[in-house]
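Residue numbers (the working numbering): 1 to 71. For every residue, glycine included, the Cβ atom is placed at its ideal position computed from N, Cα and C. No experiment lies behind these values; they were computed from the predicted model shown.
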């Protein structure tokens, strides 16, 4: 009885197996991306340090005679 059930429904499962695998992989990828986006760290200290380095580089370039356009 069990062998008959598997042989009858096995063809349908075999046909949809690639779609099922694709759906599961896509779902896993979406969950991982959403998790990484929501747990992304904000580095306020690093942002301030980067802005200071940019200003220092602008002053250094101006001292060397390079004119930068401001936005």
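Rounded to the nearest angstrom, the gap between the Cα atoms of residue 66 and residue 57 is 11 Å.
When secondary structure is reduced to three states using DSSP, residue 25 falls in the helix class. Cβ atoms of residue 50 and residue 61 stay farther apart than 8 Å, at about 16 Å. The three-state reading of DSSP puts residue 41 in coil, since its state is none of H, G, I, E or B. In this structure, the CA atom of residue 24 is about 10 Å from the CA atom of residue 18.
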